[in-house]
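S.K.: Start counting the sequence shown at 156; every next residue gets the next number (this note's numbering).
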Amino acid sequence: GLKRKLCKERRPGAWISGIRAGSVTSCGNHVKASCRWIAFNAEAAGVLGIVPLECEDGGKRTISQLCCHSDVVTDFDFSPFDQFLLATGSADETVKVWRLPQSGQDISGDVGLTLGPGGGPVDVLQFHPTADAVLASGAGKRVTVWDLGQQQPLTVLDSHGDQLQSLTWKRDGRLLGTSCKVSSAGGDLAVARNTDSPVSCALQSVPGHDNNKDSRLLWMGSSDCLISVGFSQMREREVKLWDTRRLSGATLTVALDTSPG
């Protein structure tokens with residue numbers, strides 16, 4: 156039989172109140188956390204809210220603002236090698252790298268590094284998981300893999316048929332998956348395969364979802380398989396499973412429901 160259970164209310168210190176998040180239309184992430192900070196899109200364009208992950212001395216968390224860009228912040232990511240290093244991408248066509256303080260000091264508005272402008276609005280970005288100071292960013296139809304130390308591109312992948320919507324590194328850093336809008340130029344899901352460094356890439360592509368609405372890719376742990384989420388021609392939300400060792404088509408497609416939009 157059914158048993159009645161009461162929800163256990165979380166202690167007050169576990170809640171973060173007073174968050175005024177913005178409503179941003181982009182393919183990137185709108186909230187990210189490191190071991191010390193939580194970053195989120197604030198109401199003002201070009202601004203991120205920064206809040207400590209943990210309360211200090213049992214007190215109330217202070218919400219700070221980081222004025223990053225002259226236009227909307229479309230995506231951002233914390234470095235896996237330095238949890239105080241935050242990269243931001245924007246519709247102002249630049250990628251910026253910021254160093255956040257280790258404690259509850261005032262958040263500085265001084266940028267450590269700026270890449271761009273050029274190539275159109277930055278849509279997505281992500282740090283490399285195994286190579287320090289390497290970052291991939293997507294703008295328009297182009298993915299650029301950056302060496303942040305040299306402030307130069309390691310490689311450029313510009314064979315996408317339309318606007319990029321998602322990019323994701325495999326956990327070992329040897330594969331980079333991307334998805335873009337459907338186009339007459341070819342497939343909208345691609346995998347860049349590294350041989351022995353982030354510089355050397357061979358690109359495979361395959362048709363993905365049949366609708367131009369947003370799509371997103373995720374790796375299945377450390378396996379060679381990707382999961383994509385997107386829409387069919389009939390506006391059905393669908394999930395597809397891909398094996399990158401045989402990237403000729405999806406190995407599994409699951410239709411979820413129909414989008415009203």
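Beta carbons: idealized from backbone N, C-alpha and C, even for Gly.
Exposed or buried, Leu-381, counting other C-beta atoms within 10 Å across all chains shown (16 or more means buried)?
M.R.: buried
S.K.: So, under 8 Å CB-CB, Val-202 and Cys-182 are touching, yes? Tell me the CB distance rounded to an integer number of Å.
M.R.: Not really, about 19 Å apart at Cβ, beyond 8 Å.
S.K.: To the nearest whole angstrom, what separates the beta carbons of Thr-408 and Asp-398, a pair I think is in contact under 8 Å?
M.R.: Here Thr-408 is actually not in contact with Asp-398; their C-beta atoms are around 13 Å apart, not less than 8 Å.
S.K.: Could you check the C-alpha separation between Ser-314 and Arg-297 for me, to the nearest Å?
M.R.: Distance between Ser-314 and Arg-297, taken at the CA atoms: about 7 Å.
S.K.: List, from N- to C-terminal side, the beta strand (DSSP E) runs of 3 residues or more that fit wholly inside the stretch 242-275.
M.R.: For the stretch 242-275, whole beta strand (DSSP E) runs of length 3 or above, ordered along the chain, are 250-254 and 268-270.
S.K.: For a test of the three-state rule: what should DSSP assign to Thr-399, helix, strand or coil?
M.R.: In the structure shown, the three-state DSSP call for Thr-399 is helix.
S.K.: Whole angstroms is fine: what's the gap from Lys-368's alpha carbon to Ser-383's?
M.R.: 13 Å
S.K.: If you follow the beta strand (DSSP E) that Trp-324 is in, where does it begin and where does it stop?
M.R.: 319-324
S.K.: Taking the C-alpha atoms as reference points, what is the distance between Gly-385 and Gly-295?
M.R.: 19 Å
S.K.: Going by other Cβ atoms of all chains shown within 10 Å of its Cβ, with 16 needed for buried, is Gln-388 buried or exposed?
M.R.: Taking all protein chains in view, the Cβ of Gln-388 is surrounded by fewer than 16 other Cβ atoms within 10 Å, so the residue is classified as exposed.
S.K.: Just list the residues that DSSP pairs Ala-345 with in beta bridges.
M.R.: Thr-333 and Ser-360
S.K.: Closer than 7 Å by C-beta to Val-417: which residues in its own chain qualify, once you throw out the five before and the five after it? Chain order, please.
M.R.: Any question about residue 417 goes unanswered here, given that the chain covers just 156 to 416.
S.K.: My output table needs one value for Ser-378: the three-state DSSP class, helix, strand or coil.
M.R.: coil
S.K.: Have a look at the DSSP bridge pairing and note the partners of Gly-385.
M.R.: The partner list for Gly-385 (beta bridge, DSSP) reads Glu-393.
S.K.: Can you tell which of Ser-219, Thr-269 and Trp-324 has the C-alpha that lies nearest to the C-alpha of Ser-245?
M.R.: Thr-269
S.K.: With 16 other CB atoms within 10 Å as the buried threshold, where does Val-346 fall?
M.R.: buried
S.K.: Grouping DSSP H, G and I as helix and E and B as strand, with all else coil, what is Gln-238?
M.R.: Three-state result, Gln-238: coil.
S.K.: Is the CB-CB distance between Glu-248 and Val-277 below 8 Å?
M.R.: Yes, the Cβ-Cβ distance between Glu-248 and Val-277 is below 8 Å.
S.K.: Please state the DSSP three-state secondary structure of Gly-140.
M.R.: Residue numbering for the chain in the displayed model covers 156 to 416; residue 140 lies beyond these limits and cannot be assessed.
S.K.: Does DSSP put Ser-292 in a helix, in a strand, or in coil?
M.R.: strand
S.K.: Using the Cβ count rule (16 or more neighbours within 10 Å means buried), how would you classify Gly-273?
M.R.: Label assigned to Gly-273: exposed.
S.K.: With a 10 Å radius around its C-beta and 16 neighbouring C-beta atoms as the bar for buried, classify Leu-411 as buried or exposed.
M.R.: exposed
S.K.: Could you check if Cys-261 is buried or exposed, using at least 16 other CB atoms within 10 Å of its CB as the buried criterion?
M.R.: First, the amino acid is wrong: residue 261 is Asp here, not Cys. Asp-261 is exposed by the Cβ-count criterion.
S.K.: Could you check what DSSP says for Ala-340 in three-state terms: helix, strand or coil?
M.R.: Per-residue confidence for Ala-340 stands at a pLDDT of 47, beneath the threshold of 50, marking its modelled position as unreliable; the derived number appears in the next sentence. Three-state DSSP puts Ala-340 in coil, outside helix and strand.
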